[in-house]
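Protein chains in written order, with my numbering: chain P, 35 to 201; chain B, 1142 to 1233. Think of the CB as a built atom: it goes at the ideal place given N, C-alpha and C, for glycine as much as any other residue.
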C-alpha cells in the first residue's frame, strides 16, 4: 500500500512536470524530485508521464532524448517486484545512455531500452530493445540497426545514412 | 546482377513512392533532380528504410552510404546516382 502523502506528492509533481517548460532543466528536476533516476544531459518532452505510482523504479541514462507524450509504466497491478531484490535499487524500466524515444511512445514494465537504441514515434515497447537498434510499431519490433546513436544534436540525415535495415 | 543507370534506379525508387507522390498530386516525370523526398513529406524515416530495402532486394546488392553526403541521402538525383555508381563498382 502506497503512503497517502508520498503518493499525492509524486502525483502532484508529475502534474507540474507534465506542464512545465524546460526539457533539460525544470522538467528533469521535477521528475528527479519524484524519484525518477535521470542521468546527465537528458531531455524529456512535454506532456510525458513517467510512472505515477513508483517513479523510483524508472532509470533514465545520460544523453537520452524522450519525445513529447511518452508514457512509461513501470508497475503491473498484482505483480509486485521480487522481494529478494529489495536491498538493491529495483528498476523496472531502464533506458540506457544515448537512447532516443520518439513522441507518443508507450513503454511497458520490465523492459530495458539498450544503449543508443531508437524507438520510433507511437510505438509500444513491450520487450527489451537491444543496443543500437531501431524499433517500431505495436508491439515494437526491430526494423534497423543504427550505425550511430541519435542524440539531440545528431543531424537526422547523418543518422539515416548509417542505418542498416534488418531482414 | 545487371548494372542499372541512375535513370533506371530513379524509376525504381519513384515506383516505390508512387502512392505518396500521387497523394500530393505529383507524377514521377515531374520530380526534379533536387527533390528531397524526406523534407517534401513523400517518405518518413520508415520510408527511407523501405526504399533502401527494396532497392537492395531488387538489385541484389548491399549499398553503403558512407561516401554519400548525408544531406543528399533523400534527394532523388544524388541518391539514385550513388546507387547506380555502386552497381557499377559491384559489376567490376
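Tell me which same chain residues have a C-beta within less than 8 Å of the C-beta of residue i, skipping the five on either side of it?
i	result
residue 165 of chain P	130, 148, 149, 150 and 151
residue 159 of chain P	139, 140, 141, 142, 145, 147, 153, 169, 173 and 174
residue 1227 of chain B	1202, 1204 and 1205
residue 75 of chain P	58, 96 and 97
Just how far apart, CA to CA, sit residue i and residue j?
i	j	result
residue 1190 of chain B	residue 56 of chain P	33 Å
residue 153 of chain P	residue 1172 of chain B	32 Å
residue 1208 of chain B	residue 1221 of chain B	14 Å
residue 1197 of chain B	residue 1203 of chain B	6 Å
residue 1212 of chain B	residue 191 of chain P	6 Å
residue 123 of chain P	residue 81 of chain P	27 Å
residue 53 of chain P	residue 140 of chain P	18 Å
residue 102 of chain P	residue 84 of chain P	12 Å
residue 196 of chain P	residue 1206 of chain B	7 Å
residue 193 of chain P	residue 126 of chain P	29 Å
residue 1165 of chain B	residue 113 of chain P	50 Å
residue 1163 of chain B	residue 60 of chain P	45 Å
residue 1308 of chain B	residue 1144 of chain B	The requested residue 1308 of chain B is not part of the displayed model; chain B covers only 1142 to 1233.
residue 1225 of chain B	residue 144 of chain P	46 Å
residue 38 of chain P	residue 105 of chain P	23 Å
residue 1180 of chain B	residue 1146 of chain B	25 Å
residue 86 of chain P	residue 110 of chain P	12 Å
residue 43 of chain P	residue 167 of chain P	36 Å
residue 189 of chain P	residue 132 of chain P	14 Å
residue 1161 of chain B	residue 45 of chain P	43 Å
Can you find the residues in the same chain that come closer than 6 Å, C-beta to C-beta, to residue i, ignoring five residues on each side of it along the sequence?
i	result
residue 170 of chain P	154, 157 and 177
residue 47 of chain P	64, 67 and 68
residue 146 of chain P	128 and 162
Cutting at 7 Å between CB atoms, please list the residues of its own chain near residue i, excluding the five before and the five after it.
i	result
residue 50 of chain P	64
residue 1178 of chain B	1158, 1184, 1215 and 1217
residue 202 of chain P	Nothing about residue 202 of chain P can be read from this structure; chain P reaches only from 35 to 201.
Check whether chain C comes within 8 Å of residue i, counting only Cβ atoms and requiring the distance to be less than that.
i	result
residue 1193 of chain B	Checking the listed chains, one finds no chain C in this structure; the protein chains it contains are P and B.
field: Any 3 or more C-beta pairs closer than 8 Å across the stretch 65-83 of chain P and the stretch 95-106 of chain P
entry: Touching, per the Cβ criterion.
query: Considering only residues of the stretch 1160-1232 of chain B, which uninterrupted alpha helix (DSSP H) runs meet the minimum length of 4 residues and lie entirely inside it, listed in chain order?
result: 1186-1200 and 1217-1232
Contacting positions in the stretch 1175-1191 of chain B - beta carbon closer than 7 Å to chain P: Flagged, chain order: 1186, 1187, 1189 and 1190.
- request: Could I get the ranges of all uninterrupted beta strand (DSSP E) runs contained in the stretch 151-198 of chain P, with 3 residues as the minimum, in chain order?
  value: Taken in chain order, the unbroken stretches of beta strand (DSSP E) that lie wholly in the stretch 151-198 of chain P and span 3 residues or more are 167-170 and 175-179.
query: How about the stretch 1144-1155 of chain B and the stretch 182-196 of chain P: do they share at least three Cβ pairs that are nearer than 8 Å?
result: no
- request: Taking only beta carbons into account, state which residues of the stretch 1205-1227 of chain B come closer than 7 Å to chain P, listed in chain order.
  value: 1206, 1209, 1211, 1212, 1214 and 1215
Residues within the stretch 166-197 of chain P neighbouring chain B, beta-carbon criterion of under 7 Å: 170, 177, 178, 189, 191, 192, 194, 195 and 197
- prompt: Enumerated in chain order, which unbroken segments of the beta strand (DSSP E) with a length of 3 residues or greater are wholly contained in the stretch 77-156 of chain P?
  reply: 92-94, 127-129 and 145-147
- prompt: Using a beta-carbon distance cut-off of less than 8 Å, what residues from the stretch 143-163 of chain P approach chain B?
  reply: Those residues of the stretch 143-163 of chain P that come within reach of chain B (Cβ to Cβ, closer than 8 Å) are 154.
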